[in-house]
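With the first letter of the sequence shown counted as 1, position 55 gets the number 55 in full-length UniProt numbering; the numbers rise by one all the way through. Worksheet: the structure to be examined is printed underneath.
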Amino acid sequence: MNAAVILISISAILLGGFFILCLFRLSRTLTRLDQMLDSALENTFEENAFDESRLSALETKLHHFLSASRARSSRTVSERDQVQTLIGDISHQTKTPIANLRLYSDLLAEQSGLPESAQLLADEIGRQSAKLDFLIQSLIKASRLENGIVQVSPETSAMDVLLESAALGVLKKAQNRSVTLIMDVPQNLSACFDLKWTAEALYNILDNALKYTPPGGEICVTAQAYELFCRIDVSDTGIGISEDEIPKIFSRFYRSSAVSQEEGVGIGLYLSREIITLQGGYIKVSSEPGKGSCFSVFLPRSFQKKEETSAF
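Next comes the structure, spelled out in structure tokens:
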């Protein structure tokens, strides 16, 4: 009887010791895993900081995964830097030739005594040069957005200032086309956005509405606040968009066959969506052919922290 009790006691002690040892090893493993993840999140993970001979199978796999992720991240940063350099080179190398082309076409158009056919050609060269300049600059902006080179700096600002800035760019065009631009924006309304980039996004939407609104039509801009977002509506009395085309209009270079006679390259709405999305917002569209369209832009009312990207 005593021998059985002693045997049971020894077994219990051994099992208890084994259990404690397992708990200790598990705790140590979890601690090291936690350290690996912390260093990865803080971008301080170094492959040489861990002794693989002391790691468990799980730690070894995590260590290899984090090492591979760090290598991929380094390659991504390097490739992004190369793209940024390439974009900068393209911008610099094309700016002067296009500027000279526009200058010479203007000088040619101002010459007295030109035959009518030569005058028309000079005017067309000027228009096409301006279009080429706009296309190249739009492509550069799109590439910077797609490669995470653009850095937006959202801050709480007044909506009326934003919309006045955006509308200023289309006001003269609207007057020339006999289109009425109506602004109905409360003065005390604010949201969180980057003023420069968001004004450009809204300008593109306004410019798009203006292109497809006939003379005598209206473009109405309103704004209202929700709990989490501020909503900007840009409504027009233009030709409208068919339901099956609405998902396509934010694609790069997409242009409807119904508006092929209008000037444009089909990149403005794409840029607008990218800029708004980059700030935690979104765009919705409702439209009916023959009755006009409404572009609704939703901007967050408070700052939403996102991973920062490199400035250009």
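We put the beta carbon where it would ideally sit given N, CA and C, even for glycine.
Rounded straight-line distance, which links the Cα of residue j to that of residue i
{"i": "Thr-156", "j": "Ser-251", "result": "30 Å"}
{"i": "Glu-200", "j": "Gln-224", "result": "20 Å"}
{"i": "Ser-53", "j": "Ile-20", "result": "Because Ser-53 sits at a pLDDT of 48, beneath the cut-off of 50, its placement in the model cannot be relied upon, and the point is left open."}
{"i": "Leu-299", "j": "Leu-132", "result": "32 Å"}
{"i": "Gln-93", "j": "Ile-136", "result": "11 Å"}
{"i": "Ser-296", "j": "Glu-218", "result": "16 Å"}
{"i": "Thr-277", "j": "Gly-266", "result": "18 Å"}
{"i": "Ser-105", "j": "Gly-126", "result": "5 Å"}
{"i": "Ala-167", "j": "Lys-95", "result": "27 Å"}
{"i": "Arg-102", "j": "Ala-130", "result": "7 Å"}
{"i": "Leu-181", "j": "Leu-202", "result": "14 Å"}
{"i": "Pro-215", "j": "Ala-68", "result": "59 Å"}
{"i": "Lys-172", "j": "Val-179", "result": "10 Å"}
{"i": "Asn-176", "j": "Ser-39", "result": "60 Å"}
{"i": "Glu-124", "j": "Ala-174", "result": "23 Å"}
{"i": "Ile-275", "j": "Ala-99", "result": "27 Å"}
{"i": "Gln-111", "j": "Leu-228", "result": "58 Å"}
{"i": "Gln-119", "j": "Gln-128", "result": "14 Å"}
{"i": "Phe-253", "j": "Pro-97", "result": "24 Å"}
{"i": "Val-152", "j": "Asp-160", "result": "20 Å"}
{"i": "Ser-117", "j": "Lys-291", "result": "40 Å"}
{"i": "Arg-255", "j": "Val-285", "result": "16 Å"}
{"i": "Gly-113", "j": "Asn-204", "result": "39 Å"}
{"i": "Gly-281", "j": "Phe-134", "result": "26 Å"}
{"i": "Val-150", "j": "Ser-242", "result": "33 Å"}
{"i": "Tyr-226", "j": "Asn-188", "result": "14 Å"}
{"i": "Pro-115", "j": "Ile-232", "result": "50 Å"}
{"i": "Asp-51", "j": "Thr-31", "result": "The predicted position of Asp-51 is uncertain, since its pLDDT is 49 and thus under 50; no value can be drawn from it."}
Residues that residue i bridges to, as DSSP identifies them
{"i": "Leu-299", "result": "Cys-230"}
{"i": "Gly-292", "result": "Glu-288"}
{"i": "residue 316", "result": "Nothing in the structure corresponds to residue 316, since the chain is present only between 1 and 312."}
{"i": "Ile-283", "result": "Val-297"}
8 Å Cβ cutoff met for residue i and residue j
{"i": "Ser-272", "j": "Ile-283", "result": "yes"}
{"i": "Glu-164", "j": "Gly-240", "result": "no"}
{"i": "Leu-162", "j": "Thr-198", "result": "yes"}
{"i": "Cys-230", "j": "Ser-302", "result": "no"}
{"i": "Val-221", "j": "Asp-184", "result": "yes"}
{"i": "Leu-108", "j": "Ala-122", "result": "yes"}
{"i": "Gln-279", "j": "Pro-186", "result": "no"}
{"i": "Ala-142", "j": "Ser-190", "result": "no"}
{"i": "Leu-269", "j": "Ile-246", "result": "no"}
{"i": "Leu-195", "j": "Val-170", "result": "no"}
Residue i beta carbon near the ligand MG (any heavy atom closer than 7 Å)
{"i": "Phe-298", "result": "The model on display carries no ligand, and the ligand MG is accordingly not part of it."}
Interface flag, residue i vs chain C, CB-CB below 8 Å
{"i": "Ala-122", "result": "Absent here is chain C; the protein component of the structure consists of one chain."}
Quiz item: Does the stretch 202–212 come within contact of the stretch 236–250, defined as at least 3 CB pairs closer than 8 Å?
Solution: Here the stretch 202–212 lies against the stretch 236–250, with 3 or more beta-carbon pairs under 8 Å apart.
Quiz item: What runs of the alpha helix (DSSP H), each 4 residues or longer, lie entirely inside the stretch 177–259?
Solution: 195–211
Quiz item: Could you give the uninterrupted runs of the alpha helix (DSSP H) lying entirely in the stretch 96–151, keeping only those of 4 residues or more?
Solution: 116–146
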